[in-house]
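Number of protein chains: 2
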Amino acid sequence: MHDPCMKTGKRRMLQLDAFDLKIISALQDDGRLTNQELADLAGLSASQCSRRRMRLEEEKVISGYHADLSSEALGFGVIAFIQVTLATHSPDNSKRFRTLVGRIDEIQEAYSLTGDADYVLKAVLRDLKGLSNLVNDVLMPHQSVAHVRSSIVLDRLKESTRLPLRELRPG
Amino acid sequence: MHDPCMKTGKRRMLQLDAFDLKIISALQDDGRLTNQELADLAGLSASQCSRRRMRLEEEKVISGYHADLSSEALGFGVIAFIQVTLATHSPDNSKRFRTLVGRIDEIQEAYSLTGDADYVLKAVLRDLKGLSNLVNDVLMPHQSVAHVRSSIVLDRLKESTRLPLRELRPG
DNA sequence: ACTGAAACTTCTGACGT
DNA sequence: ACGTCAGAAGTTTCAGT
Chain A
8 MHDPCMKTGK RRMLQLDAFD LKIISALQDD GRLTNQELAD LAGLSASQCS
58 RRRMRLEEEK VISGYHADLS SEALGFGVIA FIQVTLATHS PDNSKRFRTL
108 VGRIDEIQEA YSLTGDADYV LKAVLRDLKG LSNLVNDVLM PHQSVAHVRS
158 SIVLDRLKES TRLPLRELRP G
Chain B
8 MHDPCMKTGK RRMLQLDAFD LKIISALQDD GRLTNQELAD LAGLSASQCS
58 RRRMRLEEEK VISGYHADLS SEALGFGVIA FIQVTLATHS PDNSKRFRTL
108 VGRIDEIQEA YSLTGDADYV LKAVLRDLKG LSNLVNDVLM PHQSVAHVRS
158 SIVLDRLKES TRLPLRELRP G
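Structure (structure tokens):
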């Protein structure tokens, strides 16, 4: 199989074997597993797991490790989805908006989407006052923004960043 | 020191000092920091950081550690937001839907929201065929579901689970 | 490519302040 | 509550197969 990225040479086709998959799958669930624990899980020696882990980090298959903090314990009571329509679709205006979004730590996720709005943002805040502050004092007045519509999360069924390394079984 | 949550005893008021905040903030960015690295960052000894870290894990302020995997490198090309309206709002039907959602690894996030739809799901898939499979073969035919509307992510500006431990500066 | 062992680093519990 | 210290555990490099 040839490299589909051809001339660029930037991103070579990654060859992940069953050991690599076991390692990244396990680290996805517990990012502080030791190489020895990985070795037991994968059926490999610790030194080999260390080397593979370093390679996977090098290749950015593993992009980082993060502690998950409890939003409840830390007093973040409000999650909101905010749909944003831009004032114009000029590159300059888009750039202004993206810079704004990048600066606001309360915005955890931001995407441009097919459908009604130009962007959807997911924000986490201490209370409704925080949401009001973000929407009315920061987003609405910004020159790049034409329209904002927010929905508040009533219940969180599921929240993770785990990739489905095992395939969806149909039906 | 007495428990300010009184009779419940379930969730006592957490007293996090500046050291704790530095530790969780640092671990949020790099979940594999050693206690010595934390000690250097926080201005504390390594053993003290170890003890505090264990306490924070015990108290579930830190709920876990996870490796972030590159969806690009692993061939997950499609992110979709799926708005779902249930057939009925009976407790039984909601429970059926929640069980379904819990079983599908492709669904990373699921929330019930104020506004139009009953639920919004964020799913990650290898390609549009995978999305079609999820929407048309799994969600739509399910007895709990009345209506499904999906939007595809065109561009990802930002994606993290970091809590804004520093406050939003207004304006 | 992998294992195993050696040298180094980190962790964690006991103790003293 | 904190730091120091020492034994235990984990990591990583290197030789060997």
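Top to bottom, those sequences are chains A and B.
Sequence positions in the first sequence follow the numbering used here and run 8 to 178.
Sequence positions in the second sequence follow the numbering used here and run 8 to 178.
We treat Cβ as the ideally placed atom computed from N, Cα and C, and that holds for glycine.
Which first and last residues belong to the alpha helix (DSSP H) in which Gln35 of chain A is found?
Ala25 to Asp36
Any Cβ of chain A within less than 8 Å of the Cβ of Asp162 of chain B?
yes
Please report the straight-line C-alpha distance between Leu164 of chain B and Leu138 of chain A, rounded to a whole angstrom.
20 Å
By the DSSP assignment, the alpha helix (DSSP H) with Ala53 of chain A in it spans what residues?
Ala53 to Glu65
For chain A, is any of its Cβ atoms less than 8 Å away from the one on Arg59 of chain B?
no
Just to confirm the assignment, what range does the alpha helix (DSSP H) spanning Ser78 of chain B have?
No alpha helix (DSSP H) contains Ser78 of chain B, which DSSP labels as neither H nor E.
Please check the pair Phe104 of chain B and Val152 of chain B, which I expect to be a contact at CB under 8 Å, by giving their CB distance rounded to whole angstroms.
Yes, they are in contact, since the Cβ atoms of Phe104 of chain B and Val152 of chain B sit about 7 Å apart, within 8 Å.
Rounded C-beta distance between Leu48 of chain A and Ala25 of chain A? I'm assuming under 8 Å.
That belief does not hold up - the Cβ atoms of Leu48 of chain A and Ala25 of chain A are roughly 12 Å apart, past 8 Å.
Taking CB distances under 8 Å as the criterion, tell me whether Thr121 of chain A reaches chain B.
yes
Below 8 Å between beta carbons is the criterion; list the residues of the stretch 81-96 of chain B that meet it against any residue of chain A, in chain order.
Leu81, Phe83, Ile86 and Phe88
Give every residue of the same chain whose Cβ lies closer than 8 Å to the Cβ of Ser157 of chain A, excluding the five residues on either side of it in the sequence, and list them in chain order.
Spatial neighbours of Ser157 of chain A in its own chain (CB-CB distance under 8 Å, excluding positions within 5 residues in sequence) are listed in chain order as Ala87, Phe88, Ile89, Gln90, Leu138 and Val142.
Runs of 3 residues minimum, wholly inside the stretch 91-175 of chain B: which ones carry the beta strand (DSSP E) assignment?
114-120, 126-132 and 152-166
Can you tell me where the alpha helix (DSSP H) holding Gln43 of chain B begins and where it ends?
Run containing Gln43 of chain B: Asn42 to Ala49, per the alpha helix (DSSP H) assignment.
For chain A, check one thing: does any of its Cβ atoms lie closer than 8 Å to the Cβ of Asp37 of chain B?
Output row for Asp37 of chain B: interface = yes.
Are any of the Cβ atoms in chain B nearer than 8 Å to that of Val142 of chain A?
no
Rounded to whole angstroms, what's the CA-CA distance from His96 of chain A to Gln22 of chain A? Just pull it up for me.
One C-alpha to the other measures close to 40 Å.
How long is the line joining the alpha carbons of Leu107 of chain A and Gln150 of chain B, rounded to whole angstroms?
42 Å
Looking at chain B, is there any beta carbon in it that lies within less than 8 Å of the beta carbon of Lys165 of chain A?
yes
Taking a contact to mean a Cβ-Cβ separation below 8 Å, would you say Leu132 of chain A touches Val68 of chain B in this structure?
no
By alpha-carbon positions, which one of A:Leu135, A:Gly50 and A:Thr168 ends up nearest to Gln35 of chain A?
Nearest of A:Leu135, A:Gly50 and A:Thr168 to Gln35 of chain A, Cα basis: A:Thr168.
Ser78 of chain A: buried (16+ other C-beta within 10 angstroms of its C-beta) or exposed?
Ser78 of chain A comes out buried.
Among the residues of its own chain, which have a CB less than 8 Å from the CB of Ala94 of chain B, if the five just before and after it don't count?
Asn100, Gln150, Ser151, Val152 and Ala153
Any beta carbon of chain B sitting closer than 8 Å to that of Ser52 of chain A?
no
If you run the structure through DSSP and keep just helix, strand and coil, what is Leu21 of chain B?
coil
Could you list the residues in the stretch 58-78 of chain A with a C-beta less than 8 Å from some C-beta on chain B, going in chain order?
Against chain B - using a Cβ distance shorter than 8 Å - the residues of the stretch 58-78 of chain A are Glu66, Lys67, Val68, Ile69, Ser70, Gly71, Tyr72, His73, Ala74, Asp75, Leu76, Ser77 and Ser78.
Would you please state the rounded distance, in angstroms, between the beta carbons of Leu76 of chain B and Ile31 of chain A? I believe it to be under 8 Å.
6 Å
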